[in-house]
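Here the protein sequences come in this chain order: A and B.
Read in order, the letters of the first sequence correspond to residues 1 to 418 in UniProt numbering.
Read in order, the letters of the second sequence correspond to residues 1 to 940 in UniProt numbering.
A virtual CB, placed ideally from N, CA and C, is assigned to each residue, including glycine.
Given the structure is predicted, the values throughout are model-derived calculations rather than measurements.
Following: one structure in structure tokens, then a few remarks.
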Amino acid sequence: MIHSLFLVNSSGDIFLEKHWKSVVSRSVCDYFFEAQERASEPENVPPVIPTPHHYLISVLRHRIYFVAVIQSEVPPLFVIEFLHRVVDTFQDYFGVCTEAAIKDNVVVVYELLEEMLDNGFPLATESNILKELIKPPTILRTVVNTITGSTNVGEQLPTGQLSVVPWRRTGVKYTNNEAYFDVVEEIDAIIDKSGSTITAEIQGVIDACVKLTGMPDLTLSFMNPRLLDDVSFHPCVRFKRWEAERILSFIPPDGNFRLLSYHVSSQNLVAIPVYVKHNITFREGSSQGRFELTLGPKQTMGKGVEAVLVNSQLPRGVLNTNLNPSQGTYTFDPVTKLLTWDVGKINPQKLPSLKGSMSLQAGASKPDENPTINIQFKIQQSALSGLKVNRLDMYGEKYKPFKGIKYMTKAGKFQVRT
Amino acid sequence: MLCFHVCAGEIFELKAELNSDKKEKKKEAVKKVIASMTVGKDVSALFPDVVNCMQTDNLELKKLVYLYLMNYAKSQPDMAIMAVNTFVKDCEDPNPLIRALAVRTMGCIRVDKITEYLCEPLRKCLKDEDPYVRKTAAVCVAKLHDINAQLVEDQGFLDTLKDLISDSNPMVVANAVAALSEIAESHPNSNLLDLNPQSINKLLTALNECTEWGQIFILDCLANYAPRDDRESQSICERVTPRLSHANSAVVLSAVKVLMKFMEMLPKDLDYYGTLLKKLAPPLVTLLSAEPELQYVALRNINLIVQKRPEILKHEMKVFFVKYNDPIYVKLEKLDIMIRLASQANIAQVLAELKEYATEVDVDFVRKAVRAIGRCAIKVEQSAERCVSTLLDLIQTKVNYVVQEAIVVIKDIFRKYPNKYESVIATLCENLDSLDEPEARAAMIWIVGEYAERIDNADELLESFLEGFHDESTQVQLQLLTAIVKLFLKKPTETQELVQQVLSLATQDSDNPDLRDRGYIYWRLLSTDPVAAKEVVLAEKPLISEETDLIEPTLLEELICHIGTLASVYHKPPSAFVEGSRGVMHKRLPARTGSGESTESPDVGTIAGGSGTETAPSIIPSQGDLLGDLLNLDLAPPTTTGPPPPTSGMQMGGMDLLGGGLDSLVGSPMPPRHLGGDIGGSAAMGAGFGAVPAVMPASLNAPMGGGLGDLFDLGGGVGMPLGAYIPPKTVWLPAMKAKGLEISGTFARRAGVIQMELTLTNKAMSVMTDFAIQFNRNSFGLAPAGPLQVLSPLSPNQTIEVSLPLSTVGPVMKMEPLNNLQVAVKNNIDVFYFSCQYPISMLFVEDGKMERQVFLATWKDIPNENESQFQIKDCHLNSDAASNKLQASNIFTIAKRTVEGQDMLYMSIKLSNGIWVLAELRVQTGNPNYTVRKERIRIT
């Protein structure tokens, strides 16, 4: 099981360590530092590194490496999933997961890690339960604590751990009972030079914020459940019912949680919401290159495309650019060669474009590689796959809750090759 | 780096605060101490003061002190004893949270002296009424076991833990399984997790209700279970399938492992089998949309799954397309899987992608992409032409490393499709000057040498390389030597000077023994017998195989059983790298059991031996080149002594010459070396010839299982003659293929002599005479001990029985499968080739009975990697009858032991080449299934 955890910052310093079994010397991280040095980019450090006596499994989040040390045959995914849970918990507790936040709350961090893992076995990883055990620090509570001398640690037994619904604590009370669901879809796509789609897939999630009194039992049904053939559920969802009736039936955890995530595969036809016209050319023997880029909406079901952001890693040979955006602002970093164009909203009547020239190193041959264009955007009130919630019902409690459903489409890894 | 030392003043200050009367001040002080501790400062000097704060009813303070204790108890064991009483008291607390916390913390204090005090509270907590306490206590047993394993066994905690598997609370079950799994890892032979249908049912029920982490433990534990039949395995699969929709990717992958393993037992024509296959694809694809670290682990596992069951993901090629901002480790894995999935249907798409990747920035990735194009050409024959033209396009880009990589793969394409794409050579030659990497230079030189007759200025090209001969790497030097010799043999008139130059460079001016020896061999060959030289150097090369990069099937099967673990990430069996796992059992996929067919099936043993023969992809290249090897077999009357007859290929030829007298020529007391006559030849040689005795034990393992299974297959017993087991005759050479000569045969061991029993039938219209037989080199050195005795001519429609005595002193070469024998038979009409497989049992010699003492010692000595086990189904003999029957085949029973109604027979076998096999046969009275538990092999 998991022996120890080291947190390493981007400059390669260990700023926190935690051992669940015997102490492992921090020199074990030297193997990690070696791998870090070899990697060209921070994210290229391999996630599993063998050392003579241990294995180091790491994830990189918020520019912090979470390095777990294991000694025996342990499923690496188990370790990675656990590390993700640690990151999520820190973020949940401190708002941000940064080196500073962790250092400021080092005692809470230590208490949390102790509750999350016992002898390397996960113990309490549900945020509901953890918050019962260790109250998150807030400014108000810090003030109150100093005056009254009370503590962050809950006095109660974490009741959730004993019940059949370990994800929900008992005795929840709200004056306003509300349940909100967000259907968020991200489209990952690769578009080739000529504008045809090489691959496109949709990763969707339904995130929920449920603040309901007591032990509500919810059912959520869809207009077109057939879209959901590849789904991962929160443990609260009754799988049998889904298999039989395609209805989500569950007792929700209290607060924010991810109800389900789904994947609409590349075999279904996925509508591509934006198109890009581009013309990026370098001529042999000339120190100038042309750059032209035009964006336009494609299949958006009448909804506007907003928060459009284009970036592209230009070839190393490009010294500078002289471009003219029809709207928004653009920046080019001559050191990293990263071109960023903050477009904003796409107006179908007047398509945004970015045109101009690039100056190249004099005398150098024309660059070999073609830059790839990365696009981010949002489309409100629409789920690209067409998924629609039919109705939400509540059983088990008498009051009438407020219900709300919101749809949104975002670009995930949306790449256009040139 | 941080400063790890806290200055004395700070310690003093904290000490004062810790001993303060004010509760609040105390707590703040403990917090400061913990904070210092977490950043690695040494605050152990405060131990007594912190422990003093433990007697408190403030829960947070208690927890903080516990944190401190866990960290420093080891360095202050005497002080830690002071804390024991408080722990014992806390274990009796009315609040279950405190009870659990106390037992949990006590287990974390890794001090021997404390463990004695831990036993009583732990025993109580294991039976606590509160499940939260029970589940914490279950983990505590594992902790205690880690500190003092003997104590845990003596106190009977293991049994209590086993009882917890049937606890009513799923969380307790999950933790008990987790604890037992961890303990079992250090106790490989204990039957801690002895699963039976009842406990499986308990686990499956708990699986639905426990936490995600518990599900992982339970699934991993389920994967070790061997279902009794296909029905049980289907019902387990059905109950595990919902886990594929879990949000936790580790749960998903563990479920995939269980399904992949148990699927093996399902009959393929079952509807459910197809449904299951379909259900496996979506969750695997979903794993690829997760974070890159998860993707990496998933991809390594998908790589295995794709090799075992390519049908699962064959339509999902697109999800493996590379995004430009994927981390490099994800890119490389995706590329590998793309090649594995490449087929005629999707090759156009794949090639377009690969070409795109070849223009990326990352050099490593670009190289691998270019190489991938070559692998596609070799894998998908119909696409070869397209691949070659894609490679040519890439060469036109003139990007240095792309060109070099392309040339290396084009060489492989030439090896696969000889005489097909020579037209591109001209383009390749244009880039001669830009090659600066040894591998690319060597590849180019090989191409020039191989096709010297079609390149007008081949001599000039090679000469230009020769100028800097001494600065080249060994690889290039060797290749240049061979290429020039080839050139000379093809165009002897113009190149005499060149070949002399290279031979003298290699033999006189080089101190590299490989190079020098190869030089001498060519020199001698050329000077003594140019015709032989031509035959050796320009011999037809075996085609390279498309599947050389596949994982070997038995390893693949083992790795499939380890999906989701480190082993699956490294693609190595756990025994190869996990520390302290001396006794890791080799896991095997379960055998497919048909309902009710097993009684008659003659090869049950083979299947139970572990290899699903019908699904395992073969690594052997096509039959064509095996025969190619045989083509040069000398059909002279067999000789049992003296040097092995000069056989096929230049590699062998080189070897002979060396043995013949070159070592005297070399003039140094150096042992004969292996000479790679060609690119990649060296490696093949090393394995194929020089190292045979050393290589064998390991590789014997797999096929032996099958062979022995056959022999142990005592089933029926009716009509089997007394004496050694002789398999029935089978047709080896059908008349269709041999111009009317049909040969069927078998092998037998009679009175210590191995006999090849042949039935020759003349189905042609004419008389056949002048029969002769010859064997290719084989794993056990089988060779005819005399000529084939067919005295009278064989007239049409006549059949004769011939018995050919065999010796085992012939030349040795490892074959695939091990017991493969390639035979050439000649008559007045033609020479015919066939290959057959001999039962390993005929190699068992009569003096295979080992001394009891020696047996015992040897048994212990043999490393665990050499062990395998399998079951023999439906055998209705008692152990004595079995023992007698086996003795007839020279399998000797050394000792017999009866344990709990089971007879254990310990047996020894000796092979003709001196390899011993020790086995343990377990026979349960009344149970028709035998288990051969151990089977160990070593050379004496």
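Along the chain, where does the alpha helix (DSSP H) that runs through F488/B open and close? Along the second sequence, one-based indexing puts residue 488/B at 488. Note, F488/B: alpha helix (DSSP H), T474 to K490.
A35/B: contacting residues in chain A (beta-carbon distance under 7 Å): As a first step, residue 35/B must be located in the second sequence, where it is residue number 35. The answer, in chain order, is V106 and V107.
Consider the Cβ of D188/A: report whether some Cβ of chain B lies at a distance smaller than 9 Å. Here residue 188/A refers to the residue found at position 188 of the first sequence. The beta carbon of D188/A falls within 9 Å of a beta carbon belonging to chain B, placing the residue at that interface.
As an exercise, report each continuous beta strand (DSSP E) stretch of at least 3 residues that is fully enclosed by the segment 241–309 of chain A, in chain order. The segment 241–309 of chain A contains these whole beta strand (DSSP E) runs: 247–250, 255–264, 274–282 and 288–297.
Stretch-stretch touch, CB-based, cutoff 8 Å, three pairs: the segment 385–399 of chain A with the segment 174–181 of chain A: Three or more pairs of CB atoms, one per stretch, sit closer than 8 Å, so the segment 385–399 of chain A contacts the segment 174–181 of chain A.
Span separating the alpha-carbon of M768/B from that of E846/B: Numbered from its first residue, the second sequence carries residue 768/B at position 768. Numbered from its first residue, the second sequence carries residue 846/B at position 846. Distance from the CA of M768/B to the CA of E846/B, rounded to the nearest whole angstrom, comes to 38 Å.
Three-pair Cβ contact test at 8 Å for the segment 233–248 of chain B versus the segment 231–250 of chain A: In short, these stretches touch, since the Cβ pair count reaches three.
Check each candidate in F6/A, T175/A and V165/A and name the one with the smallest Cα separation from D30/A. Against the first sequence, residue 30/A aligns to sequence position 30. With respect to the C-alpha of D30/A, the residue from F6/A, T175/A and V165/A having the closest C-alpha is F6/A.
Start-to-end residues for the beta strand (DSSP E) that takes in G214/B: Within the second sequence, the letter at position 214 stands for residue 214/B. Counting along the chain, G214/B falls outside any beta strand (DSSP E), though it belongs to the alpha helix (DSSP H) covering E212 to L222.
Could you spell out where the beta strand (DSSP E) holding G468/B opens and where it closes? Reading the second sequence from its first residue, position 468 is the one you call residue 468/B. Neither: G468/B is in no beta strand (DSSP E) and is coded neither H nor E.
Answer with yes or no whether the minimum CB distance from V718/B to chain A is below 9 Å. Working through the second sequence from its first residue, we reach residue 718/B at position 718. Residue placement at V718/B is poorly supported in this model, since its pLDDT is 38, which falls under 50; the coordinates are not used for a value here.
Counterpart residues of P325/A in DSSP-defined beta bridges: As a first step, residue 325/A must be located in the first sequence, where it is residue number 325. In the DSSP output, where bridge partners are listed per residue, P325/A has L354/A.
Using the three-state DSSP reduction, which class does V18/A fall into: helix, strand or coil? As a working mapping, residue 18/A is identified with position 18 in the first sequence. Reading the sequence as shown, one finds Lys at residue 18/A and not Val. In the displayed model, K18/A falls within a strand according to three-state DSSP.
So, does the segment 395–410 of chain A touch the segment 376–387 of chain A, judging by three or more C-beta pairs under 8 Å? The way I'd put it, the segment 395–410 of chain A does touch the segment 376–387 of chain A; three or more beta-carbon pairs between them come closer than 8 Å.
Within the segment 93–131 of chain B, note down every full beta strand (DSSP E) run reaching 3 residues or more, in order along the chain. Counting only runs of 3 or more residues that sit fully inside the segment 93–131 of chain B, no beta strand (DSSP E) segment turns up.
Is the distance from the Cβ of residue 480/A to the Cβ of K355/A below 9 Å? Given a span of 1 to 418 for chain A in the structure shown, any question on residue 480/A remains unanswerable.
I need the straight-line Cα distance from T281/A to A307/A, nearest angstrom please. Working through the first sequence from its first residue, we reach residue 281/A at position 281. Working through the first sequence from its first residue, we reach residue 307/A at position 307. In this structure, the straight-line span from the alpha carbon of T281/A to that of A307/A is close to 27 Å.
Quick one: which residues of the segment 350–378 of chain A get their C-beta closer than 8 Å to a C-beta of chain B? List them in chain order. Per Cβ criterion, the list reads D368, E369, N370, T372 and N374.
Kindly identify the DSSP beta-bridge partner or partners of P784/B. Locating residue 784/B in the second sequence gives position 784, where the first residue counts as 1. P784/B is bridged by DSSP to L806/B.
Per-residue DSSP class, three states only, for K410/A: Counting from one through the first sequence, the residue named residue 410/A turns up at place 410. Strand, per DSSP.
Sort N864/B, C561/B, M907/B and Q902/B by Cα distance to S254/B and report the nearest one. Within the second sequence, the letter at position 254 stands for residue 254/B. Out of N864/B, C561/B, M907/B and Q902/B, C561/B has the C-alpha closest to the C-alpha of S254/B.
If you measure from the CB of E28/B, is any heavy atom of the ligand MN nearer than 8 Å? Among the components modelled here there is no ligand, and therefore nothing to report on the ligand MN.
Pairwise C-alpha distance: T170/A and N19/B: By 1-based counting over the second sequence, the position of residue 19/B is 19. By 1-based counting over the first sequence, the position of residue 170/A is 170. About 40 Å.
CB L782/B to CB V802/B, shorter than 9 Å? Reading the second sequence from its first residue, position 782 is the one you call residue 782/B. Reading the second sequence from its first residue, position 802 is the one you call residue 802/B. Going by C-beta atoms, L782/B is not nearer than 9 Å to V802/B.
Every unbroken alpha helix (DSSP H) within the segment 140–215 of chain B, with a cutoff of 4 residues, ordered by chain: If we require 4 residues or more, the alpha helix (DSSP H) runs fully inside the segment 140–215 of chain B come out as 149–154, 157–164, 170–186 and 197–209.
Residue environment, K860/B, which counts as buried when at least 16 other CB atoms sit within 10 Å: Numbered from 1 along the second sequence, position 860 holds the residue referred to as residue 860/B. The residue in question, K860/B, is exposed, as its Cβ has fewer than 16 Cβ neighbours within 10 Å.
Can you list, in chain order, the residues of its chain with a C-beta nearer than 7 Å to that of P122/A? Leave out the 5 residues immediately preceding and following it. Indexing the first sequence from 1 puts residue 122/A at position 122. Apart from the 5 residues on each side of it in sequence, P122/A sits with its Cβ closer than 7 Å to the Cβ of F82 and M116 in its chain, given in chain order.
Identify the continuous alpha helix (DSSP H) that holds I347/B and give its terminal residues. The residue you call residue 347/B lines up with position 347 of the second sequence. Annotation for I347/B: the continuous alpha helix (DSSP H) segment containing it runs I347 to Y357.
If I follow the unbroken alpha helix (DSSP H) through E178/A, where does it start and stop? What you label residue 178/A is simply residue 178 of the first sequence in a count that begins at 1. From DSSP, E178/A is part of no alpha helix (DSSP H) but of the beta strand (DSSP E) over E178 to I191.
Is the segment 126–134 of chain A close to the segment 248–267 of chain A, with three or more CB pairs under 8 Å? Touching, per the Cβ criterion.
Name, please, each residue of chain C whose Cβ falls closer than 7 Å to the Cβ of I216/B. Judged by its chain identifiers, the structure shown contains no chain C, and its protein chains are A and B.
With DSSP collapsed to three states, give me the class of L391/B. For this step, residue 391/B is matched to residue 391 along the second sequence. DSSP places L391/B in helix when its eight states are reduced to three.
Could you name the residues that DSSP lists as bridge partners for V59/A? Stepping through the first sequence from its first residue, residue 59/A is reached at position 59. Looking at the DSSP output, V59/A shares a beta bridge with F66/A.
Just reading off the beta strand (DSSP E) that L905/B is part of, what are its end residues? Mapped onto the second sequence, residue 905/B falls at position 905. Its beta strand (DSSP E) spans residues Q902 to K910.
Would you mind reading off the limits of the beta strand (DSSP E) that contains E757/B? One-based indexing of the second sequence puts residue 757/B at position 757. Counting along the chain, the unbroken beta strand (DSSP E) around E757/B starts and ends at V753 to N762.
May I ask which residues mark the beginning and end of the beta strand (DSSP E) holding L338/A? Here residue 338/A is taken as the residue at index 338 of the first sequence, counted from 1. For L338/A, the enclosing beta strand (DSSP E) starts and ends at L338 to G344.
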